[in-house]
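First comes the structure, then the notes that go with it.
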Amino acid sequence: MNKPTLAVSVLALAAAAAIWAVPAKADDVTIGAIEILTGPNARYGVAIKNGFDLALGEVNKAGVLGGKKLVIQYEDSAGNKDQAVNGARKLIGLAKVPLLLGPTISNEMFAVGPVANQQKVPIVGTSTTAAGITAIGSYVFRTSLPESDVIPVTLKAAQAKFGIKKVAVMYANDDAFSKSGYDVFKATLDKLGIQILTTETFGSKDSDFSAQLTKIKSLNPDAIVVSALVEPASGILLGARAIGIDPKVRFIGGNGFNSPKLGDIAGEAADGTLVGSPWFIAKDDAANTKFVTDYRAKYKEDPDQFAAQAYDTLHIVADAINKAGAADSEKIKTALQATKSTGVMGPFSFTADRDPADTSGVVVIEMKGGKFQILK
Amino acid sequence: MSAALDNFFFSYQSLIFAVGINGLLALSIYTVLAVGQLSLGQAAFMGLGAYVSALLTLHLNWPFPAVLLAAMVVPALAALLIGGPTLKLTGVYLALATIALGEILRIVCNASDFTGGALGLSGIPSKTSFTLIFSLLALVLLGFVLVARSRLGRAMEAMREDEVAAGVMGVNLPAMKMGALVVSAMLAGLAGALNAHANSFIGPNDYSFDQAVTILSFALLGGIGSPFGPVLGAIILTLLPEFLTALHDFKLVVNGFIIVVAVLFMPRGLLVWRIGRIG
């Protein structure tokens, strides 16, 4: 029974050789991207890839470095940090890319960032919002606003508009994204002098939140602050209205709430929910209108914030390569640091710590009738 | 040539490390399966080793050999502690109890600030090397071959085939089971520590039920006739997804298909030969 195995391994080796053999044309500029393209979280990675590809088409009308074609070589991480590191090592070691984009989620960045940093290859995260990302090293950049920049805008707006004084807080304690968002919520609430009546935790795969919500109901908060991904978030909204929490008690969410899926699942129960977003589809400046129209034409669906962030990032990176004057990691890094541009998310530049410096593009959006609209 | 070789090693370093580390994990589950037990707690022991080693390195800056030793001792103690009550269970009940062990560890890690909660521990310095991982694997493999050729190996085989008969023949069943669990916990802890110091980041979800099943599948694919079987299974299952990357979305389908075919047509695993005996 050993023959089939042998045949399979020969086939596999042949397949592997075929990948190695794909040559990049000498006068192309190839950069690498590591995103989740398969598996349960593929929708984030695919949106990001769409955003990159849309911008890539625009960049390649003129080309970079005086007419050279910019090429993105993708590696699929499937949401697994080991595969993400594998992808990064191959892109740096075999494809010799001068710059990396991605990876999709913060946990992957914590594994990939140190590798890129050690090899002095700049890496630009477009969707990694957790604390401590850019602290990995001086070659790690990100264009996504960390939660610590978005959440204060949301809470300030809620405090100013609705006079919120006491809140209940809920978060999923088994998920890095939700925990990191909670830390920011707590720090900001303390800073704004809003009283926290209780802090309730749950698991990100839970579907019944009645114990936590019943307790919260008895405490009569002005609003309920939740840090969770969209699935449990929708469950909480539905559960809250089911046990009769007053619809006037608003929910305030982190970036996990910022998904059209929230309205699809929770429907009217989601009405009044407030979220801060670095980008919103209905922002009506010229750059954004063009982006949304082009995206719809190319992919037959609406873009989300991940696509928008990726779109801006590719333009930023292409500019940096042009300013650097060569596909050289060190020069690109210096050029990136000096970035000053305006994209669909608003004005953009990097802080000295390589985080986005400008939060003026953040909008607070409100759920009404199952759809988000800008809070007025 | 040497530059090309360096380049190859750099590009495939994490894959090569993973082969060695998964080899150790495969031997860890083999130890338990070899005496006829089924444990799904291997991922928990691995996580325990990974967390203990990472915390010792990050907070106390212990030398790496001492860290590795601690990463073996702590899971061994945990195995001794839980071995008493759980080893009275057999078959599917033991598997269930060991799944619970993994879940408890995950929940504790998530709830505790000391372990970084859901954010895990990042910035773990890279201290493992190719030589270290593979000499440890070779050493452990050699140990298993020597055991398999000895009286102890025959007692283990007898237990695996028929526990009652082995007991009647004078094999000390409780001691053998406990010994196997402790050794397997030490190996899993060692693999966890090596993994943590190769990856710079660990989180509670790395050691979940999925990981326990992956470890078990190494042994099932390779076969447990000899210690080489599980190691071969680990090598194949670690490298297979990499060789199949060209298939993109069909990768997981083909990967699963190959495993199903292998298990259907080779129910005793790929390597069925036993180690020859002495004495």
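Top to bottom, those sequences are chains A and B. With positions in the first sequence counted from 1, the corresponding number in our numbering is that position plus 4. No gaps in the numbering here: position 131 of the second sequence is 115 in our numbering, and each next residue is one more. Ideal Cβ placement from N, Cα and C applies to all residues, glycine included.
Report the residues of the stretch -4 to 11 of chain B with a CB closer than 9 Å to any CB of chain A, ordered along the chain.
-> -4, -3, -2, -1 and 2
Evaluate residue 307(A) with the Cβ neighbour count: other Cβ atoms within 10 Å of its Cβ, from every protein chain shown; 16 or more gives buried, anything less gives exposed.
-> buried
Just the Cα atoms here: how many angstroms apart are residue 193(B) and residue 23(B)?
-> 12 Å
Under 9 Å by beta carbon: chain B residues contacting residue 136(A) = 103, 106 and 107
Simplified DSSP assignment, three categories, for residue 201(A) = Of the three classes helix, strand and coil, the one that applies to residue 201(A) here is strand, per DSSP.
Nearest chain B C-beta to residue 118(A) closer than 9 Å, yes or no?
-> yes
Once you ignore the five residues that flank residue 4(B) on each side, which residues in its own chain have a CB closer than 7 Å to its CB?
-> 117, 118 and 121
Comparing the C-beta of residue 146(B) with each C-beta of chain A, is any distance below 9 Å?
-> no
Got a sec, what are the start and stop residues for the alpha helix (DSSP H) residue 166(A) sits in?
-> 151 to 166
Could I get the ranges of all uninterrupted beta strand (DSSP E) runs contained in the stretch 72 to 153 of chain A, with 3 residues as the minimum, in chain order?
-> 74 to 80, 127 to 129 and 144 to 146
Cross-strand partners of residue 274(B) (DSSP beta bridge) | The question about residue 274(B) has no answer, for chain B in this structure spans -15 to 263.
Residues that residue 37(A) contacts on chain B, provided the C-beta gap is smaller than 7 Å | Going along chain B, no residue has its Cβ under 7 Å from residue 37(A), so there is no contact; the nearest lies around 15 Å.
Could you tell me the boundaries of the alpha helix (DSSP H) in which residue 285(A) lies?
-> Run containing residue 285(A): none; DSSP gives neither H nor E here.
So, is residue 146(A) buried or exposed, given that buried needs 16 or more other C-beta atoms within 10 angstroms?
-> buried
Reduced DSSP category for residue 71(B) - H, G, I as helix; E, B as strand; rest coil | coil
How big is the Cα-Cα spacing for residue 6(B) and residue 111(A)?
-> 21 Å
If you count every other CB in all the chains shown that lies within 10 Å of the CB of residue 257(B), and 16 or more means buried, which is it?
-> Counting Cβ neighbours within 10 Å, residue 257(B) comes out exposed, since fewer than 16 surround it.
What in chain A is Cβ-close to residue 235(B), meaning under 9 Å?
-> 42, 80 and 82
Taking Cβ positions, are residue 140(B) and residue 170(B) nearer each other than 9 Å?
-> no
According to DSSP, residues forming a beta bridge with residue 229(A) = 173(A) and 256(A)
As assigned by DSSP and simplified to three states, the class of residue 278(A) | strand
According to the neighbour-count rule (16 or more other Cβ atoms, all chains shown, within 10 Å of its Cβ), is residue 224(A) buried or exposed?
-> Exposed, by the Cβ-count rule.
Against chain B: residues of the stretch 93 to 107 of chain A by CB proximity under 8 Å = 93, 94, 96, 97 and 98
Residue 217(A) to residue 173(A) span [Cα, whole Å] | 10 Å
Step through the CB atoms of chain B and report whether any lies within less than 9 Å of the CB of residue 27(A).
-> Here the model assigns residue 27(A) a pLDDT of 49, short of 50, so the residue's position is not dependable, and the following value carries that caveat. No, no contact with chain B.
Could I get the ranges of all uninterrupted beta strand (DSSP E) runs contained in the stretch 288 to 347 of chain A, with 3 residues as the minimum, in chain order?
-> 344 to 347
Straight-line CA distance for residue 356(A) to residue 341(A)?
-> Annotation: residue 356(A) to residue 341(A) spans about 8 Å, alpha carbon to alpha carbon.
Buried or exposed: which applies to residue 199(A), given that a residue is buried once 16 or more other Cβ atoms fall within 10 Å of its Cβ?
-> exposed
Give every residue of the same chain whose Cβ lies closer than 6 Å to the Cβ of residue 63(A), excluding the five residues on either side of it in the sequence, and list them in chain order.
-> Once the five neighbours on either side are set aside, the close Cβ partners of residue 63(A) are 74 and 322.
Looking at the structure shown, is residue 112(B) part of a helix, part of a strand, or coil, going by DSSP?
-> coil
Which residues does DSSP pair with residue 375(A) in a beta bridge?
-> 372(A)
Would you check if the stretch 147 to 162 of chain B and the stretch 347 to 366 of chain A touch, i.e. whether three or more CB-CB distances between them fall below 8 Å?
-> no
To the nearest angstrom, report how far apart residue 221(B) and residue 348(A) are at their CA atoms.
-> 44 Å
From the beta carbon of residue 47(B), is the nearest beta carbon of chain A less than 9 Å away?
-> no
Could one say the Cβ of residue 87(A) lies closer than 9 Å to chain B's Cβ atoms, at least one of them?
-> Flagged as an interface residue toward chain B: residue 87(A), by a C-beta distance shorter than 9 Å.
Cα-Cα separation between residue 211(B) and residue -5(B), rounded to whole angstroms | 29 Å
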